[in-house]
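Colleague: Note that the protein sequences, when read in sequence, are chains A and B. Using my numbering, the letters of the first sequence map in sequence onto residues 262 to 1028. Using my numbering, the letters of the second sequence map in sequence onto residues 262 to 1028. Could you have a look at this structure, given as structure tokens, before my questions?
2 protein chains.
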Amino acid sequence: MSEPEKIEDIPDESAGKGKGIPNGGNAAKTKEDFDLAAIYVSDAQYNRNIYFDTSPEAVRLYLRYNHWLPQVLLYFFILLDLSLAVFEDPAVIPLPSWATMLVELLCLLVFTIRIVHYAKVIPREKFWKDAKNICIIVIIVLTLVDMIIYGALKASDYDGVRWSRVLRPLLLVNVTEGRQLRRAFRSIRNALPQIFYVFLLFMFSLLIFSLMALKLIGKRGLTTINGSPYFTNYLEIIFDLYVLVTTANSPDIMMPAYNASYFFAIFFILYILINNYIFMSVFLAVVYNNYKYHLKEEVRQLVRAKRHKMVRAFAVLQDQREGREPAVNQANWNQLVRLVQPDVSNAHRELLWSVCDNNNQGHIGKVAFVQLADLLNIEVITLKSRPHPLQSLCPSLYQSAPSRLLCKLVQHRAFVIVYDLIILVNAVFIGLDEKNTLIANSEWAFLSLYLLEILLKLYVFEPRAFFSKHSFWNWFDTIIVISALIATIINSSMTSAGIYTNRQILDIILILRVLRLIRVVDSIKRFRTIINTLIRIGPAILTFGQLILVVYYVFAMVGMELFKNKVKFYGNSSDPAKAYCGNVLLKGTDFAQLNYCKNNFNNVVSSFILLVELTVVNQWHVLSSGFAAVTHVSAKLFFVFFHIIVVIVIINIFVAFVLEAFFVEYSVDKSHLQTSLEKKIEELELAVAQETLEDNLVNAMETIDSDQGTGQSANNKPTLMFKIASKRYRTVDALLQRMFESDLDPEDFAENDDQNGNFANPAFNAA
Amino acid sequence: MSEPEKIEDIPDESAGKGKGIPNGGNAAKTKEDFDLAAIYVSDAQYNRNIYFDTSPEAVRLYLRYNHWLPQVLLYFFILLDLSLAVFEDPAVIPLPSWATMLVELLCLLVFTIRIVHYAKVIPREKFWKDAKNICIIVIIVLTLVDMIIYGALKASDYDGVRWSRVLRPLLLVNVTEGRQLRRAFRSIRNALPQIFYVFLLFMFSLLIFSLMALKLIGKRGLTTINGSPYFTNYLEIIFDLYVLVTTANSPDIMMPAYNASYFFAIFFILYILINNYIFMSVFLAVVYNNYKYHLKEEVRQLVRAKRHKMVRAFAVLQDQREGREPAVNQANWNQLVRLVQPDVSNAHRELLWSVCDNNNQGHIGKVAFVQLADLLNIEVITLKSRPHPLQSLCPSLYQSAPSRLLCKLVQHRAFVIVYDLIILVNAVFIGLDEKNTLIANSEWAFLSLYLLEILLKLYVFEPRAFFSKHSFWNWFDTIIVISALIATIINSSMTSAGIYTNRQILDIILILRVLRLIRVVDSIKRFRTIINTLIRIGPAILTFGQLILVVYYVFAMVGMELFKNKVKFYGNSSDPAKAYCGNVLLKGTDFAQLNYCKNNFNNVVSSFILLVELTVVNQWHVLSSGFAAVTHVSAKLFFVFFHIIVVIVIINIFVAFVLEAFFVEYSVDKSHLQTSLEKKIEELELAVAQETLEDNLVNAMETIDSDQGTGQSANNKPTLMFKIASKRYRTVDALLQRMFESDLDPEDFAENDDQNGNFANPAFNAA
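Encoded structure:
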């Protein structure tokens, strides 16, 4: 599932030549040429590494393959396939097995169509060399086999196990779009050997300490708090001390020995110091170190592959000029950009051209052309400094003295402070008892205040700017307030109509009310910085979310087969079996005493929640002992295994990622390309004031609009302004590349490989 | 206690000039000159930053101040002062208060003498400007005042509180030798502002979630497992959710809500994701980032200060030569090195000279001279390839065929493997029941085998090389085996004499037996690498040990005053009060039910163990609730405060340090100076084979001795060989400097400051 993927599987130059595509001379470029070049650029921009066929039919198929609709559909069917677990036995909502299997067949059909489509796009021998294609085919075939066996068993009234369900999340990893996820899996696999040696050493230390505990403490005839013998069984000691490393049974495991003598505390403190603090730090260090190292290598290759693709696009579009370097002229370039990214405005495209063609030559060489993919990835916000619609409608009113005073008031710092205070008062009111009529009615007052705020802001600021794509807090505010208004109106109309008040609606109103308070964070600059950093690394964290989903799903499937219905939850019933979760084997265990009956593997939702609890680690020994009690001692291995994989490996990689992303955010200067783009914007006097770059967009809007609102707008100001959303990344890859940019040579675009005539696969040389 | 210390408080050039010290001309250097230069070099070598007076008397006093004896005495008295807590009420071993106060007076006297000595060494105005001196004086005065008040109260039969005990650990921080510790405190203080903002944001998130929990869940009328109302008190919810961030009450705190509805699980999972995973990673990131940044700055200043001192030493010893750069000749240099480090062998000194004086000019300039401090810090092991003493005694026997065969056998890889197997068998035997006579007697067999191993090795290898300073495992082996032999003999003679077998002796024997097994680790190269890294960063970790000691001591003192004797431990008595730890307020609490009675603040040892348990975090809410139950709810603040300081700040700094140290160890190349020294060693053909540099010393010994043992020792090989213990650091500072060496300019030795005539304090410019 995480086979070493050649991330630079891009078409060979010779393949292009072989198909007779003009790569020299000044022949007019055909539509096919532009399609091909556009695909190269778009692949470079999004770091797609698909070795597609360059024949016009294949290119057309490839364009369709990359269309957003089939991609969304694919993900929808993967999610549908995964969510079948909700309806299959053991089910949250039971459905007959023929229904779920019919849906699964439909999903399999979609996956097959997708893979066939893919097979038509890329050359046959490449298709069969790629591990992820084979993986998908094997998953489809195995699932079919499993369904047939299960159906046959079912028909003959035997119980079958749907074992192929474990394979489902692997589809998420192996579809072509799962690049980030595959990379995360690769970084785990690369770190494994080193983690393994540290883990062995850790196990050795664990065994030595267990032996010492057995001999030193086991002989004393001590008993635990339940009266059972203490530290007398070697295997149990190993498990107990392993649990101690996760701190879950501290200090309980120490107490009997500590009660017997102060000196035994030294044993445990030494153990915790060595195995918990030292070894766990070393795990993090090893994981972090490997992660950084391999990621750097991957990103390096990614950048080389990207430059290759751009060079190839250049080769397609270049004009051969006698005695001079080949170049691409502006007309072709324009058409290319229009094809690659139709939503780029003309002004923006001209700006990009002027960055590339710095000397106004009307054509650009290879070096300048190669930048295009990165340039397109830099988000340039085109600020149209439009006048406020009210100003256009009735300028006299909007420009009148009271109106201008109002604008000034709303833009004043005090306005923000007043509303922060209102939010704080609101927080207190929420905390108070809502049975009180005064409090209940105050909600209306607060709602109107918030609505008033939004309306005032809309009066002062240009509405389209106010609701621009990047004004996170404006959107947040408006959605929350409007939703709260609607929900409150529904609720009061239901109450006044004498209908029973719906608990859910009340809950939603309450959540919306509390969420409103979060707005305060945006007023304090320090907080905004931290929050913005978190929002920025958010998409990358989602990759880890997928990773966790895959691992959880596999463990949930296995866990459900092993432990389903061994532990029962009785809810509010007064069944005496409730005290021991419906399984007499649990009588007297901590599991039953702590009322953990709902922590079970009886359906996929319970399983996932239980796995979250295991990830949080605390009390996982009680849970594992509980499930061991109802099955077999070896069941503990399932839980230990989960702990090693999720907590020691994945969580550490997650922490490593957050650390690295934070350091980059803290210390990074804008990248080379962004700076050259910004320089150009400034040169052309199109820039929004520098300090606003640091601030969020709403403030930038304010600066512009206030100039206009107060009529001081100088006429020599261009009506179109640019601003680089320098801290946003369109793709996770861009964040990663930025992470390691400082180590990459900007001039190295694999020219060497070009000269060697070996153009296709830098990784083969690198390896 | 952690005032910004000017780490570059070194004497001003002008001060030296003022005292009439010859700093030019070819006048013969006096003993005073050499003393002064030696102090500068030694200060540079050990990064001491003391602004001492340069008058001959002050220099003599300063030499005495730096002598090891008063330093050891000072630390002894600090430890004595700290350990008084064992004997003071609440005491482990009660002593009358006049006895402890007498000892404390003695300690104060020693500290006073030391500070007076220091005051005589450095200029008066510098003394009073230094916060750490004032700190020490204030501590001494306050302690005296406290003792007088306490004595007076005691005499008039009132109860007094010895509040000045909290100040004791601050002495450890503020003595001149506590450089590392002060640096650790500084790095914490520097990180605090940033941590504070993240913490505020975290608290905001905690408050918002608590409010939501109160409104969403508190209204449902749910009860906890004990039947008490669930999530109805806002303050309790905040505490519970704070505890959940530490994972200590997961999943218990969730269970009542989860049992009521699946949807509440989403609330808790979101909470854990945001506050536990995201925020805790951000804390680590912020701490790590700050730590790295400030440490770099400090080390940079440290290096500048060091170079300043070396330049000053150079100024004292230089010969003014017409029209040429001043230089230091070899004779003066030799005398200086002999004075600074008397234990350096002549050969080693000549090697160092040839590194400095690369062109054999007989004198060295400033640039070469400045290296001396770093060169002295590189540990060069002088390997005298001596013949084995037995060879000298009876060469015919030692060179005979059987003897040579024996040598070959012992040096063979199989020898190591055989002994590893023996150790494994031994491990199994230790695990088996020792009541069995066969097992009991086997111990003698194993002991003899281990003894035999050591004797064989001593036969083959030169004994002084075998027991050289760096042969950690040889020392380890021998000490363990000999101790085990002695303990076993004592034990059996006692048993055979019919005396009751002492449990302690048996325990010691057992521990020694188990420790023997650790030796296996050394046989596996991967493990050896990890262990060696850990051993190398060990001394630096000790600084954190001191840091923890200081914080623990303060918290233990406060905790003892707040909570002493509120909870009692009854041991094996059958007193019914045992069930509730002697305090009826604890009846029915988790604290009593989990039998945590011995986790109390009734003496300093219990307090420390309790604080370790709190550091491990698990169940800290049960402990804090217990102590809150016997005093007041606000007592929980003590525990929360401890958690914030120790777990969020200090442990994170510890992890950051281990991470950084590990990365350096993994990735570092040998530093510039070491390489030049190594180059010289190789040039002079004095090097031990390169690959042995990587390996541990025993193997290096083997290579040499086997050459000689088998008589193949070529006569053209020098009898003296050098080897750089490249991976060892004499001082923690050296490790730190190496950490950031790549960012430091080797040529920058503050010449600029020199030219500006402002020589003394680079930090004033830097700031």
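Heads up, the beta-carbon is just placed ideally off N, CA and C, and yes, glycines get one too.
Pick helix, strand or coil for aspartate 966/A, following the three-state DSSP scheme.
Modeller: Annotation note: pLDDT 37 at aspartate 966/A (below 50); position unreliable, coordinate value reported separately. Correct three-state label for aspartate 966/A: helix.
Colleague: When you compare the CB positions of phenylalanine 295/A and leucine 636/A, do they come within less than 7 Å of one another, or not?
Modeller: No. Outside cutoff.
Colleague: I'd like to check one pair, asparagine 860/A with leucine 871/A: are the Cβ atoms closer than 7 Å?
Modeller: Yes; because the gap between Cβ atoms is below 7 Å, this pair is in contact.
Colleague: Looking only at its chain, what residues have a beta carbon closer than 7 Å to the beta carbon of leucine 597/B, apart from the 5 residues adjacent to it on each side?
Modeller: The answer, listed in chain order, is Phe295, Ala298, Ala299, Val302 and Leu578.
Colleague: Taking only three categories from DSSP, how would you classify isoleucine 514/B?
Modeller: Three-state DSSP puts isoleucine 514/B in coil, outside helix and strand.
Colleague: Could you pull out every residue in the same chain whose Cβ sits closer than 7 Å to the Cβ of alanine 840/B, ignoring the five residues on either side in sequence?
Modeller: Ala853, listed in sequence order.
Colleague: When the Cα of leucine 563/B is compared with those of Ile311/B, Leu855/B, Val883/B and Ile909/B, which residue comes out closest?
Modeller: Ranking Ile311/B, Leu855/B, Val883/B and Ile909/B by Cα distance to leucine 563/B puts Ile311/B first.
Colleague: Buried or exposed for arginine 321/B, going by 16 or more other Cβ atoms inside 10 Å?
Modeller: When all chains shown are included, arginine 321/B counts as exposed.
Colleague: Using the DSSP secondary-structure output, state which residues sit across from aspartate 580/B in a beta bridge.
Modeller: Answer by DSSP bridge pairing, in chain order: Ala588/B.
Colleague: Do phenylalanine 816/A and phenylalanine 900/A count as a contact pair if the criterion is CB distance below 7 Å?
Modeller: No, Cβ-Cβ distance for phenylalanine 900/A and phenylalanine 816/A is not below 7 Å.
Colleague: Which residue wins for smallest C-alpha separation from lysine 827/A, given the options Thr493/A, Tyr519/A, Gly806/A and Ala896/A?
Modeller: Lysine 827/A has its Cα closest to that of Ala896/A, out of Thr493/A, Tyr519/A, Gly806/A and Ala896/A.
Colleague: Quick one: Cα of methionine 541/A to Cα of leucine 461/A, how far?
Modeller: Taking the straight line from one Cα to the other gives about 13 Å.
Colleague: Do you know how far the Cα of lysine 381/B is from the Cα of valine 631/B?
Modeller: So the two alpha carbons sit approximately 29 Å from each other.
Colleague: Helix or strand or just coil, what does DSSP make of isoleucine 625/A?
Modeller: Strand.
Colleague: Which bits of chain B does asparagine 860/A rub up against, with CB to CB less than 9 Å?
Modeller: Near asparagine 860/A (Cβ distances below 9 Å), the residues of chain B are Pro512, Met516 and Tyr519.
Colleague: Please list the partners that glycine 584/A has in chain B, where partner means a Cβ-to-Cβ separation under 8 Å.
Modeller: Going along chain B, no residue has its Cβ under 8 Å from glycine 584/A, so there is no contact; the nearest lies around 46 Å.
Colleague: In this structure, how does DSSP classify isoleucine 490/A when only helix, strand and coil are distinguished?
Modeller: Here the sequence assigns proline to residue 490/A, which means isoleucine is not the residue at that position. Strand.
Colleague: Under the assumption that leucine 808/B contacts isoleucine 741/B (Cβ atoms under 8 Å), give the Cβ distance between them as a whole number of angstroms.
Modeller: About 31 Å; that fails the 8 Å criterion.
Colleague: Using a C-beta cutoff of 7 Å, does valine 879/A count as contacting chain B?
Modeller: At residue 879/A the sequence reads asparagine, which differs from the valine that was named. So, interface residue.
Colleague: Give me the residue from Glu874/B, Phe888/B and Thr876/B with the minimum Cα distance to threonine 850/B.
Modeller: Ranking the options by Cα distance to threonine 850/B, first place goes to Phe888/B.
Colleague: Nearest-angstrom Cα distance between asparagine 327/B and valine 775/B?
Modeller: If I take the Cα positions, the gap works out to 42 Å.
Colleague: Taking arginine 789/B as part of the alpha helix (DSSP H), name the residues at either end of that continuous run.
Modeller: Looking at the DSSP string, the run of the alpha helix (DSSP H) that includes arginine 789/B is 786-824.
Colleague: Based on the DSSP output, what are the partners of glycine 484/A in its beta bridges?
Modeller: The amino acid occupying residue 484/A in the given sequence is threonine; glycine does not appear at that position. Threonine 484/A is bridged to Pro490/A.
Colleague: In chain B, what lies closer than 8 Å to methionine 473/A by C-beta?
Modeller: The contacting residues are Leu771, Ile772 and Val775.
Colleague: Residues of the region 540-572 of chain A in Cβ contact with chain B at a cutoff of 8 Å, in chain order, please.
Modeller: Against chain B - using a Cβ distance shorter than 8 Å - the residues of the region 540-572 of chain A are Ser542, Val543, Leu545, Ala546, Val547, Tyr549 and Asn550.
Colleague: Quick one: using the 10 Å Cβ neighbour count with 16 as the cut-off for buried, is asparagine 913/A buried or exposed?
Modeller: With 16 or more Cβ atoms within 10 Å of its Cβ, asparagine 913/A is classed as buried.
Colleague: For alanine 305/A and chain B, any beta-carbon pair shorter than 7 Å?
Modeller: Answer no: the Cβ-Cβ gap between alanine 305/A and chain B never drops below 7 Å.
Colleague: Output the distance between the C-alpha atoms of lysine 941/A and valine 616/A, rounded to the nearest integer angstrom.
Modeller: Answer to the nearest angstrom: the Cα atoms are 6 Å apart.
Colleague: So which of Phe348/B, Tyr523/B, Thr361/B and Glu438/B has the shortest CA-CA distance to leucine 334/B?
Modeller: Answer by Cα proximity: Glu438/B.
Colleague: Can you tell me whether serine 606/A is helix, strand or coil according to DSSP?
Modeller: Three-state result, serine 606/A: coil.
Colleague: Check the Cβ-Cβ distances between lysine 290/A and every residue of chain B, and say whether any is below 7 Å.
Modeller: So, not an interface residue.
Colleague: How many angstroms separate the CA atom of threonine 315/A from the CA atom of tyrosine 323/A?
Modeller: The straight-line gap from Cα to Cα measures roughly 9 Å.
Colleague: Consider the Cβ of threonine 477/A: report whether some Cβ of chain B lies at a distance smaller than 7 Å.
Modeller: Note that residue 477/A corresponds to leucine in the displayed sequence, not to threonine. So yes, leucine 477/A belongs to the interface.
Colleague: Using DSSP with H/G/I as helix, E/B as strand and the rest coil, what is glycine 832/A?
Modeller: Correct three-state label for glycine 832/A: coil.
Colleague: Where does phenylalanine 862/B fall in DSSP's three states?
Modeller: Three-state result, phenylalanine 862/B: coil.
Colleague: Measure from the C-beta of alanine 526/B to each C-beta in chain A and report whether the shortest distance is under 7 Å.
Modeller: Answer yes: the Cβ-Cβ gap between alanine 526/B and chain A drops below 7 Å somewhere.
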